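Q: Taking the working numbering, the leading residue of the sequence shown gets 49, the next gets one more, and so forth.
Just so it is clear, CB atoms sit at the ideal spot from N, CA and C, and this is done for glycine as well.
What you are looking at is a predicted structure, and each value in this text was computed from that prediction instead of being measured.
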Amino acid sequence: MSAPGTVPHGRLLAISDLHVGYARNRETVLGLRPGHADDWLIVAGDVGEKMADVQWALTLLAERFATVIWVPGNHELWTPADDPVQLRGEQRYRDLVRRCRDLGVVTPEDDFPVWRGAGGPVVVVPLFVLYDYTFRPPGTTKEQARHWAESAGIVCTDEFLLHTDPYPGADDWCRARLRETERRLAQCDPGLPTVLVNHFPLTREPTWVLRYPQFAQWCGTTGTATWHLDHRAAVVVYGHLHIPRTTVEDGVRFEEVSLGYPREQDLYGRHGDPLRVILPAPEPS
49 MSAPGTVPHG RLLAISDLHV GYARNRETVL GLRPGHADDW LIVAGDVGEK MADVQWALTL
109 LAERFATVIW VPGNHELWTP ADDPVQLRGE QRYRDLVRRC RDLGVVTPED DFPVWRGAGG
169 PVVVVPLFVL YDYTFRPPGT TKEQARHWAE SAGIVCTDEF LLHTDPYPGA DDWCRARLRE
229 TERRLAQCDP GLPTVLVNHF PLTREPTWVL RYPQFAQWCG TTGTATWHLD HRAAVVVYGH
289 LHIPRTTVED GVRFEEVSLG YPREQDLYGR HGDPLRVILP APEPS
């Protein structure tokens, strides 16, 4: 018999946008625990902005969950002026990967693990694909979309804190990541479905509900629009939008798994268990 508060079998769980720089979110992370010794946890980016905060949270979670899988969000890639670690761009990402490996946390640069628990076997594929400003109004250029956003007072903080060295811009880095990721995806076992994990949504559809549509251009790339079909996705996991919900596209389940900022949790009454069960799939209601 399972102990009170536990589940009888391991599950594949997910969360994103922990933003542990906020004291209340840090308390929430302190309370995250598996329900079973075999639970895996996907952390889909935006753990925090400072390297020490990211390492604190991933260390804690790696000690508790059987396997932790992490992908970078835009906030991990920021270089805040008050962070003692002043690495930028690709160097910052590689340092995050190194720290994760020291903790035993799986990154987009590692072999893709196979979940063999309930709902498996599936290949869990952590992705690092940025955005390239292609989520913009049809017929507009990148410059026109940027002007549209600026006119509305909408400019992503990435433009000031996310440095893309050695690439000229986020779109150049994104294109490089698309090429590398496609190469690695092609090596996956074609006989197994996948769980695709990226911080940013892989399709544009989730951005249609944004309160400020101008922000969509910092939310993904059209280069991933068919990946859920091309790579046999059973589930797609993402964050970034701070709009946690379940949707279905082309028969594939999409899970936005953000915790988000404390003010959003209060505004929308999000005070339940923030961990989303990815597998086994929920029973149809």
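To test your reading of the DSSP string, which unbroken alpha helix (DSSP H) runs of 4 or more residues are found completely within the stretch 65-152?
A: You should have 71-78, 99-112, 137-151.
Q: Enumerate in chain order the residues of its own chain whose CB-to-CB distance from Arg293 is below 7 Å, with the five nearest sequence positions on each side excluded.
A: Indexing the sequence shown from 1 puts residue 293 at position 245. Hits under 7 Å: Glu304.
Q: Under the rule that 16 or more other beta-carbon atoms within 10 Å means buried, what is Asp321, buried or exposed?
A: Translated into the one-based positions of the sequence shown, residue 321 becomes position 273. Classification of Asp321: exposed, given that the 10 Å Cβ count is below 16.
Q: Please classify Glu97 as buried or exposed, where buried requires at least 16 other C-beta atoms within 10 Å of its C-beta.
A: On the sequence shown, residue 97 is found 49 positions in, with the first residue counted as 1. That one is buried.
Q: Going by the beta-carbon positions, is the gap between Leu233 and His279 smaller than 7 Å?
A: Start at 1 with the first residue of the sequence shown, and residue 233 comes out as number 185. Start at 1 with the first residue of the sequence shown, and residue 279 comes out as number 231. For Leu233 and His279, yes; Cβs fall inside 7 Å.
Q: Terminal residues of the continuous beta strand (DSSP E) containing Phe183?
A: To locate residue 183, count along the sequence shown from 1; it is residue 135. Run containing Phe183: none; DSSP gives neither H nor E here.
Q: Arg311: which of Trp118, Tyr70, Leu89 sits nearest, CA to CA?
A: Counted from its first residue, the sequence shown places residue 311 at position 263. It is Tyr70.
Q: Does the stretch 76-84 touch the stretch 199-210, meaning 3 or more C-beta pairs lie closer than 8 Å?
A: The stretch 199-210 vs the stretch 76-84: no contact.
Q: Is the stretch 256-267 in contact with the stretch 235-247, if contact means three or more CB pairs nearer than 8 Å?
A: Touching, no.
Q: Buried or exposed for Val285, going by 16 or more other Cβ atoms inside 10 Å?
A: If you number the sequence shown from 1, residue 285 lands on position 237. When all chains shown are included, Val285 counts as buried.
Q: Cutting at 8 Å between CB atoms, please list the residues of its own chain near Thr107, excluding the five before and the five after it.
A: If you number the sequence shown from 1, residue 107 lands on position 59. For Thr107, where only same-chain residues beyond five positions count, the Cβ hits under 8 Å are Leu151.
Q: Could you check where the beta strand (DSSP E) with Thr294 kicks off and where it finishes?
A: As a working note, residue 294 is residue 246 in the sequence shown. It spans 293-297 - the beta strand (DSSP E) in which Thr294 sits, taken as one unbroken run.
Q: How would you call Gln313, buried or exposed, if buried means at least 16 neighbouring beta carbons within 10 angstroms?
A: Your numbering for residue 313 matches position 265 in the sequence shown. Buried, because 16 or more other Cβ atoms sit within 10 Å of the Cβ of Gln313.
Q: Helix, strand or coil: which one does DSSP assign to Pro52?
A: Translated into positions along the sequence shown, residue 52 becomes position 4. Any reading at Pro52 must be qualified, since the residue scores a pLDDT of 45, below 50, and its modelled position is unreliable; no value is offered.
Q: Can you round the beta-carbon distance between Leu80 and Leu175 to whole angstroms, since I take them to be within the 8 Å contact cut?
A: Start at 1 with the first residue of the sequence shown, and residue 80 comes out as number 32. Start at 1 with the first residue of the sequence shown, and residue 175 comes out as number 127. Between Leu175 and Leu80 the Cβ distance is about 23 Å, and since that is not below 8 Å, they are no contact.
Q: Give me the Cα-Cα distance between Val296 and Pro132, rounded to the nearest whole angstrom.
A: Residue numbering aside, residue 296 sits at position 248 when the sequence shown is read from its first letter. Residue numbering aside, residue 132 sits at position 84 when the sequence shown is read from its first letter. Roughly 42 Å between the two C-alpha positions.
Q: Among Leu125, Val116, Arg142, which has the Cα closest to the Cα of Val154?
A: Taking the first residue of the sequence shown as 1, we reach residue 154 at position 106. Checking every option, the nearest Cα to that of Val154 belongs to Val116.
Q: Apart from the five residues just before and just after Val102, which ones in its own chain have a Cβ nearer than 6 Å to its Cβ?
A: Numbered from its first residue, the sequence shown carries residue 102 at position 54. Excluding sequence neighbours, Val102 sits near Val95, Gly96, Glu124.
Q: Tell me, please, which residues DSSP counts as bridged to Pro174.
A: The residue you call residue 174 lines up with position 126 of the sequence shown. According to DSSP, Pro174 bridges with Val245.
Q: Using the three-state DSSP reduction, which class does Ala200 fall into: helix, strand or coil?
A: As a first step, residue 200 is located in the sequence shown; it is residue number 152 there, counting from the start. Ala200: coil per DSSP, three-state reduction.
Q: Return the chain-ordered ranges of every alpha helix (DSSP H) run that is complete within the stretch 214-245 and spans a minimum of 4 residues.
A: Here the runs fully enclosed are 218-233.
Q: For Ala273, does the three-state DSSP call read helix, strand or coil?
A: Position 225 of the sequence shown holds residue 273. Three-state DSSP puts Ala273 in coil, outside helix and strand.
Q: Look at the alpha carbon of Tyr141 and the alpha carbon of Leu323, and state the distance between them as a whole number of angstroms.
A: What you label residue 141 is simply residue 93 of the sequence shown in a count that begins at 1. What you label residue 323 is simply residue 275 of the sequence shown in a count that begins at 1. The alpha-carbon atoms of Tyr141 and Leu323 are separated by roughly 25 Å.
Q: Taking just the CA atoms, how far does Ile202 sit from His67?
A: Reading the sequence shown from its first residue, position 19 is the one you call residue 67. Reading the sequence shown from its first residue, position 154 is the one you call residue 202. Taking the straight line joining both Cα atoms gives about 21 Å.
Q: What do you get for Thr76, buried or exposed, if any count of 16 or more other CB atoms within 10 angstroms of its CB means buried?
A: Residue numbering aside, residue 76 sits at position 28 when the sequence shown is read from its first letter. Result: buried.
Q: Given this structure, state the Cα-to-Cα distance separating Arg74 from Arg112, to the nearest angstrom.
A: For the purposes of this step, residue 74 is taken as residue 26 along the sequence shown, with counting starting at 1. For the purposes of this step, residue 112 is taken as residue 64 along the sequence shown, with counting starting at 1. If you take the alpha carbons of Arg74 and Arg112, they lie about 16 Å apart.
Q: Looking only at its own chain, which residues have a Cβ that is under 7 Å from the Cβ of His211, when we skip the five neighbours before and after it?
A: Within the sequence shown, the letter at position 163 stands for residue 211. The answer, listed in chain order, is Thr127, Arg136, Gly137.
Q: Nearest to Asp130 by alpha carbon, out of Met99, Tyr316, Val170?
A: As a first step, residue 130 must be located in the sequence shown, where it is residue number 82. It is Met99 whose Cα lies nearest to the Cα of Asp130.
Q: Compute the Euclidean distance between the alpha carbons of Thr229 and Val162, then round it to the nearest angstrom.
A: By one-based count along the sequence shown, residue 229 stands at place 181. By one-based count along the sequence shown, residue 162 stands at place 114. Going from the Cα of Thr229 to the Cα of Val162 covers about 18 Å.
Q: When you compare only the Cα positions, how much space is there between Gly187 and Arg59?
A: For the purposes of this step, residue 187 is taken as the residue at position 139 of the sequence shown. For the purposes of this step, residue 59 is taken as the residue at position 11 of the sequence shown. Distance between the alpha carbons of Gly187 and Arg59 is about 44 Å.
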